[in-house]
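Novice: Structure incoming, see below.
Chains as they are written, first to last, in the working numbering: chain S, 10 to 205; chain E, 3 to 171.
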C-alpha cells in the first residue's frame with residue numbers, strides 16, 4: 010500500500026501539501042516539548058534537562074517500530090522509503106562541525122525555526138548563521154568535493170553491517186534508550202537547576 | 003501565563019508518529035537544513051545565474067526544469083513555522099525575547115548563536131542533512147549515516163560542553 014505518493018496512489022501534486030501538514034505537526038510537537046528554548050536544549054549537555062535525549066530517542070524508536078510493523082503488515086514497501094546514503098568521511102566530519110554548532114548556538118536547524126516562530130530573537134540570528142554557513146559550503150564546494158564524495162558506502166543499514174535482523178537491532182536500540190533514559194533522569198536529580 | 007511543556011516521552015511518541023506519517027505518505031522523512039539550501043541556491047541563482055550554471059554544487063539544484071523552491075522540505079519548513087507558532091500561541095509562549103543564561107549578556111548570546119548557526123549550516127551540507135534529516139530520520143530507517151550523524155553531533159557537543167559551560171551554567 011504505502012508509501013502512497015511514490016506509488017502514485019496519491020498524486021504527486023498532493024506531495025507538497027502533505028509536506029506542509031507534516032511540517033505543522035513537526036513544529037507543533039517540537040514547540041510543545043520545549044525545543045523552542047536553547048537553554049532547555051543545552052541542558053542535555055550539562056545534565057540539568059535531558060528532554061532532548063528523551064524526545065529524540067522516543068521519536069526515533071516510535072518511527073522505527075512503526076516502519077517495522079507497517080512492513081510486517083504489508084502496509085508499506087520499505088524498498089521505496091528513502092535511506093540516506095553513508096559517505097564515511099563527510100558524515101563524520103559534518104557531524105562534528107554540527108555538534109560544535111549545537112553547543113555554541115544552542116539550537117539545531119529544525120529547533121531554531123520552531124523557536125523563531127514564537128519570537129526568539131537568538132533563534133533568528135542562528136537561522137541567519139545557517140544561511141551563511143550553507144552559502145560558505147556552496148562557495149567552497151570545488152575545494153571540498155573530493156572529500157564530500159569519498160568513502161561512499163551507499164544506502165547501507167546498520168543491521169546489514171552486523172548481520173542481524175532489523176527487528177533485533179531495533180530491540181537493542183530500545184534497550185540502550187531505556188538505559189539512557191534512566192541515566193537522564195538521574196542526571197536531572199544530580200545537577201538540578203531552578204526555573205529557566 | 004506560561005503553561006508547562008508536554009511530557010517528553012509523549013512528545014517523542016507524537017514526533018515518531020509525525021515522522022511515520024511522512025514515510026507512509028511521501029516515502030521520506032523529516033528535514034530542516036535542506037530548505038535553507040533551497041533558499042540559498044535560489045537567491046544565488048537570481049543574483050549570479052552564470053556563477054550557478056558553472057558550479058558543480060548549484061547546478062545540481064538550479065537550471066532548466068529545476069524548481070528548488072518547490073521542494074518537499076521547503077513546504078515542510080513553512081509548516082514548522084505555522085505549527086511552532088500555533089503551539090506557542092496555545093501555551094502562552096509568544097513573545098519577542100533573546101533567551102540567554104543570566105550570567106552572560108544578550109550580545110554574547112547573539113554572537114554565539116550566529117557562530118553556531120554558521121557551523122551548523124556548513125556541517126549540515128557536508129554531512130548531507132542535520133539533526134532531523136540525517137540523524138533522526140536516518141535512525142528511523144536504520145541507516146548507518148543516521149547513527150553516525152547522531153553520535154558525531156551529540157558526541158562533539160558533549161566533548162565541547164566543558165569549554166563552553168560559562169555560556170550555559
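In this text, a Cβ means the ideal position worked out from N, Cα and C, and glycines have one as well.
1) What is the C-beta distance between residue 11/E and residue 63/S, in whole angstroms, given that I count them as a contact (C-beta under 8 Å)?
2) Nearest chain S C-beta to residue 68/E closer than 9 Å, yes or no?
3) Which residues in chain E have a C-beta closer than 7 Å to the C-beta of residue 12/S? List them in chain order.
4) Between which two residues does the beta strand (DSSP E) containing residue 163/S stretch?
5) Can you tell me which of the three DSSP states residue 40/E falls into?
6) At which residues does the alpha helix (DSSP H) containing residue 191/S begin and terminate?
7) Taking 9 Å as the threshold (beta carbon to beta carbon), is residue 78/E in contact with chain S?
8) Could you say which of 157/S, 160/S, 69/S, 152/S lies nearest to residue 152/E if we only look at CA atoms?
9) Given this structure, state the Cα-to-Cα distance separating residue 159/S from residue 113/S, to the nearest angstrom.
10) Looking at the unbroken alpha helix (DSSP H) that takes in residue 157/S, where does it start and where does it end?
11) Report yes or no: is there a C-beta of chain S within less than 9 Å of the C-beta of residue 51/E?
12) Where does residue 121/S sit, in a helix, a strand or coil, going by DSSP?
13) So, is the C-beta of residue 147/E closer than 9 Å to a C-beta in chain S?
14) Can you pull the chain E neighbours of residue 105/S, defined as C-beta to C-beta under 7 Å?
15) Counting only C-beta atoms, is residue 199/S closer than 9 Å to chain E at any point?
16) DSSP state of residue 96/S, grouped into three classes?
17) Got a sec? Which residues, its chain only, sit under 7 Å from residue 28/E by beta carbon, not counting five neighbours each side?
18) Check whether the Cβ of residue 3/E lies closer than 9 Å to any Cβ atom in chain S.
19) Residue 135/E CB to nearest chain S CB: under 9 Å?
20) Mind listing the chain S neighbours of residue 99/E? Cutoff is C-beta to C-beta under 7 Å, in chain order.
21) Alpha carbon to alpha carbon, how far is residue 101/S from residue 42/S?
22) Can you name, in chain order, every residue of its own chain whose Cβ lies under 6 Å from the Cβ of residue 3/E, other than the five neighbours on each side?
23) Which whole-angstrom value describes the C-beta separation of residue 115/S and residue 98/E, a residue pair presumed to lie in contact below a C-beta threshold of 8 Å?
24) Please report whether the beta-carbon of residue 168/E lies at a distance below 9 Å from any beta-carbon of chain S.
25) Identify, in the order they occur along the chain, each residue of the same chain with its Cβ nearer than 8 Å to the Cβ of residue 179/S, setting aside the five sequence neighbours on each side.
26) Just grab the DSSP bridge partners of residue 145/E for me.
27) Would DSSP call residue 20/S helix, strand or coil?
28) What first and last residue would you give for the alpha helix (DSSP H) that runs through residue 167/E?
29) Select from 148/E, 121/E, 115/E the residue whose C-alpha is nearest the C-alpha of residue 48/S.
30) Using alpha carbons as the reference points, say which of 181/S, 52/S, 12/S lies closest to residue 2/E.
Specialist: According to the data block:
1) 6 Å
2) no
3) 25, 26, 27, 28, 29
4) 161 to 163
5) Residue state, collapsed to three classes: helix.
6) 175 to 199
7) yes
8) 69/S
9) 28 Å
10) 130 to 158
11) no
12) Assigned with DSSP and collapsed to three states, residue 121/S falls in helix.
13) yes
14) 154, 158
15) Output row for residue 199/S: interface = no.
16) strand
17) 74.
18) Note that residue 3/E has pLDDT 43, beneath the 50 cutoff, so the model's placement of it is unreliable and no number is given.
19) yes
20) In chain order: 128, 129, 130.
21) 28 Å
22) Any answer about residue 3/E is weak, because its pLDDT of 43 lies below 50 and its placement is not dependable; what the coordinates show is given next. Once the five neighbours on either side are set aside, the close Cβ partners of residue 3/E are 94.
23) The Cβ separation is near 17 Å, so there is no contact.
24) Taking CB atoms only, residue 168/E has no neighbour in chain S less than 9 Å away.
25) By the criterion of a C-beta distance shorter than 8 Å, residue 179/S is surrounded in its chain by 70, 73, 74, 77, once the five residues flanking it on both sides are discounted.
26) 166/S
27) Of the three classes helix, strand and coil, the one that applies to residue 20/S here is coil, per DSSP.
28) 167 to 170
29) Distance check between residue 48/S and each of 148/E, 121/E, 115/E places 115/E closest, using alpha-carbon atoms only.
30) Since the first residue of chain E shown is 3 and the last is 171, residue 2/E is not available in this structure.
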